[in-house]
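Top line first, the protein sequences correspond to chains A and B. Position one of the first sequence corresponds to residue 1 (our numbering), numbered consecutively onward. Position one of the second sequence corresponds to residue 503 (our numbering), numbered consecutively onward. Structure first, commentary second.
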Amino acid sequence: MIVERSSDWQEGFLNRLNNAEKWHSWTLYKMNYEIVKMNLIPEFTGLQAPKFLPKLTPLAHQLEAAQTVIERMNGKAILADEVGLGKTIEAGLILKEYLIRGLVKKALILAPASLINQWIEELNQKFHIPAMAYKKNCPIERYDIVIMSMDTAKKSPHKELIYAQDYDMIIIDEAHKLKNHKTQIYDFVQGLKKKFCLLLTATPIQNDVFELYYLISLLKPGHLGNYETFQSAFSASKHDLQHDDYLKELVNQVMVRNRREDTGIEWTNRRVQIVPIHFSPEEMEVYQLLGTLTSTASFSLITLQKEMCSSKEATALTLSKMLENSAEREELEEILAKVMALEVNSKAQKTLEIIEQAKDKVIIFTEYRATQIYLQWYLHSHGITSVLFNGKFNKNKRDYMKHIFKEKAQVLIATEAGGEGINLQFCHHVINYDLPWNPMKLEQRIGRVHRLGQEHDVHIYNLAVEDTIEIDILALLHTKIDVFEKVVGDLDAILTNFKKTV
Amino acid sequence: MYPQQVHNYLRQFFLENECDLVFEDEHYLTVQLTIAMDKRIMNRPFYWQYVEATNGEPNPAQVTFITDQNAMSGKVIGEVVHFGSPRLNQIFQATRELGAFVQMFQKVDAEIGQVLLTPWLGVNYKVSYCCDRTKEMLYSFGINLLTGTINNNFHEAINSIDWDSTQSENAFYVQHIIKPERALQRLDKAIDAIIQQDDHTWAEQAKKRWQRDQRVLDYFYEDVEEKPECYEVEKKALEEQYHAKIKIEIVNGGLFYMR
Numbered sequence: 001m002i003v004e005r006s007s008d009w010q011e012g013f014l015n016r017l018n019n020a021e022k023w024h025s026w027t028l029y030k031m032n033y034e035i036v037k038m039n040l041i042p043e044f045t046g047l048q049a050p051k052f053l054p055k056l057t058p059l060a061h062q063l064e065a066a067q068t069v070i071e072r073m074n075g076k077a078i079l080a081d082e083v084g085l086g087k088t089i090e091a092g093l094i095l096k097e098y099l100i101r102g103l104v105k106k107a108l109i110l111a112p113a114s115l116i117n118q119w120i121e122e123l124n125q126k127f128h129i130p131a132m133a134y135k136k137n138c139p140i141e142r143y144d145i146v147i148m149s150m151d152t153a154k155k156s157p158h159k160e161l162i163y164a165q166d167y168d169m170i171i172i173d174e175a176h177k178l179k180n181h182k183t184q185i186y187d188f189v190q191g192l193k194k195k196f197c198l199l200l201t202a203t204p205i206q207n208d209v210f211e212l213y214y215l216i217s218l219l220k221p222g223h224l225g226n227y228e229t230f231q232s233a234f235s236a237s238k239h240d241l242q243h244d245d246y247l248k249e250l251v252n253q254v255m256v257r258n259r260r261e262d263t264g265i266e267w268t269n270r271r272v273q274i275v276p277i278h279f280s281p282e283e284m285e286v287y288q289l290l291g292t293l294t295s296t297a298s299f300s301l302i303t304l305q306k307e308m309c310s311s312k313e314a315t316a317l318t319l320s321k322m323l324e325n326s327a328e329r330e331e332l333e334e335i336l337a338k339v340m341a342l343e344v345n346s347k348a349q350k351t352l353e354i355i356e357q358a359k360d361k362v363i364i365f366t367e368y369r370a371t372q373i374y375l376q377w378y379l380h381s382h383g384i385t386s387v388l389f390n391g392k393f394n395k396n397k398r399d400y401m402k403h404i405f406k407e408k409a410q411v412l413i414a415t416e417a418g419g420e421g422i423n424l425q426f427c428h429h430v431i432n433y434d435l436p437w438n439p440m441k442l443e444q445r446i447g448r449v450h451r452l453g454q455e456h457d458v459h460i461y462n463l464a465v466e467d468t469i470e471i472d473i474l475a476l477l478h479t480k481i482d483v484f485e486k487v488v489g490d491l492d493a494i495l496t497n498f499k500k501t502v
Numbered sequence: 503m504y505p506q507q508v509h510n511y512l513r514q515f516f517l518e519n520e521c522d523l524v525f526e527d528e529h530y531l532t533v534q535l536t537i538a539m540d541k542r543i544m545n546r547p548f549y550w551q552y553v554e555a556t557n558g559e560p561n562p563a564q565v566t567f568i569t570d571q572n573a574m575s576g577k578v579i580g581e582v583v584h585f586g587s588p589r590l591n592q593i594f595q596a597t598r599e600l601g602a603f604v605q606m607f608q609k610v611d612a613e614i615g616q617v618l619l620t621p622w623l624g625v626n627y628k629v630s631y632c633c634d635r636t637k638e639m640l641y642s643f644g645i646n647l648l649t650g651t652i653n654n655n656f657h658e659a660i661n662s663i664d665w666d667s668t669q670s671e672n673a674f675y676v677q678h679i680i681k682p683e684r685a686l687q688r689l690d691k692a693i694d695a696i697i698q699q700d701d702h703t704w705a706e707q708a709k710k711r712w713q714r715d716q717r718v719l720d721y722f723y724e725d726v727e728e729k730p731e732c733y734e735v736e737k738k739a740l741e742e743q744y745h746a747k748i749k750i751e752i753v754n755g756g757l758f759y760m761r
């Protein structure tokens, strides 16, 4: 076995024997001994970090997660707690523990740009870990704990600079962004040395089980076999899982997932409902006309149909763009005229009804900027104040909008990108005005309000227009949730409180 | 460490390093740092470079440390220090550097007459076992520099003795027979022997974890003829994660003349 010893003390001692330097005081000598004794790590197991963090009171499930990752998973794990249970705290505890134990000196944290400041604050204030945000031209080698965005990290020259550092620990927040193995960021992370590694995501599967396969293959290549063996064993077809229990067990060897109901904390309820909308005959006519566009690519057709379920403004925007180079000019112009002539938006009417009934703060999520602006106008014309929110806002603007929403406006209208990184516990109504393809996006949205600190039941309204593509989206969402539950574990209600078996 | 303990620790540390307490209350203290202490803990090398280069008037800082913020009612402005805070860690580190070497003489009662004091070398070792986990142990050894007898609970044995940092006229200090350098080597050997006899299943288990992960990794790249670079990177990561090593570090030590 390797034994390392340092000769520093011996040198200093001999110097003093030769009267070259002064001896120290007995009091400081004793203090030194006492401090070393007090800070000794007496056992291989157990957590030392809480002792050094008297101002932090981690929750039981957070401590347990940290201990499990260190002792059972040897410091390589996916932290997949449901949204709002404090994955950052768990990651902080683990990092702190390794720093105290001297096993980690340098660590790299990758997070979405919008969350970098939050990470810095938490690590510095809660954990006394001096973390630095990476900026261009900053001497990366001088900082031990560096936080940067994935978008920066994957590009030259940053990528090469990172590779040249010798990080002991890699932490990746919102790790579901690595689900696609054909991306630059996946490539980048694959090439990183991962001695200790944490992947944080509430949603390790968003669409199919291969996403989880690729995530685990980053963390521990081979744990789920190689691609061929995994494919033949676990997925004859994407949604038909043969060996669910076996796969679940393998997954649980590298993944910690706390659910709200396991935390021992009293959680408020989620009241989730699907609100069916009926188009007016005029709206339905336009919707069906869209289906007759034969020479339009099916992808654009689906986009148009989804937009029509949202607002005429969103639809018109896309139609006008298509007009520029289309073989079906006449048909398009005709539809566009009919779209513009529409006077009623049934979905917006229903939305107004819900807001009026709620008599409380409401968040509306839509996928389209045009709808977002339309809704603000529509609500305003009915005397309801609202603020807009989207992912392009910088930190200051986000905080400002959040502040106005909290203090002044009744409604916040967010586009998809607004779904991550803001905490709005003071609000208890969420309207999913448009449905995304991916159920985990819904979970992320709900997680903005249904998190630690929420004191009321949370009402979720999923709007879907009858006899349109939105009903198909609902069915697909159900299927995807089913896959997730089979492999990862149960999910809190997202679509409805009633479980539907597929 | 409770706030009161932190308070006492800071107080003792600064007094011992000749920094005056300008003001003190139960929950905070204001300290006038010496130039040496300012250089050590205030993290401002450029200021000191500047003062020295320009022959300027040195102005070491006066700092207020709040040791129990919860108990504070008034508006004292200062730095909050608690167990785990970076400042306290820095002061612990300073203590390690400033309390590492001593030469002590047992106090002699003048009425007893001439006493013979024997030299000992005392050394406190911190031993760390490291793999993907760690465990640390503290050993305190003393060796009689006349007879070579080793005491393996030395610090506890000398802790309660009254010491002087200077020699007294009433004592006769025996010259060592075993040179301190040689004695240190003997203690190093004694530590090695203790480590050798210890239970090292921790290292075997770490090796098993390593082998298991290596097998998983190899399986992933089984059919790949030419292993990509990331295979080598992962392999190196596993080695760094699991390979077992033992670190031996001397915390402090010194010469002790005692009865």
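Think of the CB as a built atom: it goes at the ideal place given N, C-alpha and C, for glycine as much as any other residue.
{"Item": "C-alpha distance - V625 (chain B) paired with I147 (chain A), whole-angstrom precision", "Value": "41 Å"}
{"Item": "Interfacial residues, the region 383-402 of chain A to chain B, with Cβ spacing under 9 Å", "Value": "none"}
{"Item": "C-beta contact flag for T488 (chain B) and F525 (chain B) at 9 Å", "Value": "There is simply no residue 488 (chain B) to check, as chain B begins at 503 and stops at 761 in what is shown."}
{"Item": "Chain B contact for Q10 (chain A) (CB, 9 Å cutoff)", "Value": "yes"}
{"Item": "Interface positions of the region 573-590 of chain B facing chain A (Cβ-Cβ less than 9 Å), listed along the chain", "Value": "H584, F585, G586, S587, P588"}
{"Item": "Contact under 9 Å by Cβ, L619 (chain B) with V610 (chain B)", "Value": "yes"}
{"Item": "Contacting residues, own chain, Cβ-Cβ under 6 Å from N654 (chain B) (five flanking each side not counted)", "Value": "F643"}
{"Item": "Bridge partner(s) assigned by DSSP for A107 (chain A)", "Value": "A:I145, A:M169"}
{"Item": "Coarse secondary structure for L379 (chain A), derived from DSSP in three states", "Value": "helix"}
{"Item": "Beta-carbon contacts of S232 (chain A) that lie in its chain and below 6 Å, excluding the five residues immediately before and after", "Value": "none"}
{"Item": "Status (buried if at least 16 other CB within 10 Å, exposed otherwise) for Q454 (chain A)", "Value": "buried"}
{"Item": "Helix, strand or coil at Q743 (chain B) according to DSSP, with G and I counted as helix", "Value": "helix"}
{"Item": "Residues from the region 107-122 of chain A in contact with chain D, defined by Cβ distance under 8 Å", "Value": "The displayed structure is made up of protein chains A and B, and chain D is not among them."}
{"Item": "Chain A within 9 Å of N661 (chain B), Cβ atoms only", "Value": "yes"}
{"Item": "Proximal residues, the region 11-32 of chain A versus chain B, C-beta separation under 9 Å", "Value": "G12, F13, L14, N15, R16, L17, E21, K22, W23, H24, S25, W26, T27, L28, Y29, K30, M31, N32"}
{"Item": "Proximity test, Cβ basis, 9 Å: Y759 (chain B) and chain A", "Value": "no"}
{"Item": "Distance CB(L63 (chain A))-CB(L93 (chain A)) smaller than 9 Å", "Value": "yes"}
{"Item": "Terminal residues of the beta strand (DSSP E) in which T415 (chain A) lies", "Value": "411-415"}
{"Item": "9 Å Cβ cutoff, Y744 (chain B) in contact with chain A", "Value": "yes"}
{"Item": "Neighbour list for W665 (chain B) in chain A, Cβ cutoff strictly below 7 Å", "Value": "W26"}
{"Item": "Terminal residues of the alpha helix (DSSP H) in which W267 (chain A) lies", "Value": "From DSSP, W267 (chain A) is part of no alpha helix (DSSP H); its letter is neither H nor E."}
{"Item": "Integer-rounded CB distance, given that H176 (chain A) should sit under 8 Å from L203 (chain A)", "Value": "Reading off the sequence, residue 203 (chain A) comes out as Thr, not Leu. Yes, T203 (chain A) and H176 (chain A) are in contact; Cβ-Cβ is about 5 Å, under 8 Å."}
{"Item": "Chain B within 9 Å of S326 (chain A), Cβ atoms only", "Value": "no"}
{"Item": "Residues that M1 (chain A) contacts on chain B, provided the C-beta gap is smaller than 7 Å", "Value": "A705, A746, K747, I748"}
{"Item": "CA-to-CA distance, V430 (chain A) to I363 (chain A), given in whole angstroms", "Value": "5 Å"}
{"Item": "Per-residue DSSP class, three states only, for V458 (chain A)", "Value": "strand"}
{"Item": "Spatial neighbours of F548 (chain B) in its chain, beta-carbon cut-off 8 Å, leaving aside the 5 residues before and after", "Value": "none"}
{"Item": "Pairwise C-alpha distance: Q206 (chain A) and R398 (chain A)", "Value": "26 Å"}
{"Item": "Coil, strand or helix - W23 (chain A) by DSSP", "Value": "coil"}
{"Item": "Any C-beta of chain A under 9 Å from that of N519 (chain B)", "Value": "yes"}
{"Item": "Segment contact, 8 Å Cβ cut-off, at least three pairs: the region 714-731 of chain B with the region 25-37 of chain A", "Value": "no"}
{"Item": "Sequence-distant residues of its chain with Cβ nearer than 6 Å to K238 (chain A) (five each side left out)", "Value": "Because the pLDDT of K238 (chain A) is 47, which lies under 50, any placement of that residue in the model is unreliable, and the number read from its coordinates should be weighed accordingly. Excluding sequence neighbours, K238 (chain A) sits near D208."}
{"Item": "DSSP three-state assignment for C732 (chain B), whether helix, strand or coil", "Value": "helix"}
{"Item": "For D482 (chain A), three-class secondary structure by DSSP", "Value": "helix"}
{"Item": "Under 8 Å from the C-beta of R72 (chain A): neighbouring residues of chain B", "Value": "Near R72 (chain A) there are no residues of chain B at all, since even the closest Cβ is about 11 Å away, more than 8 Å."}
{"Item": "Buried/exposed call for Q616 (chain B), threshold 16 Cβ in 10 Å", "Value": "exposed"}
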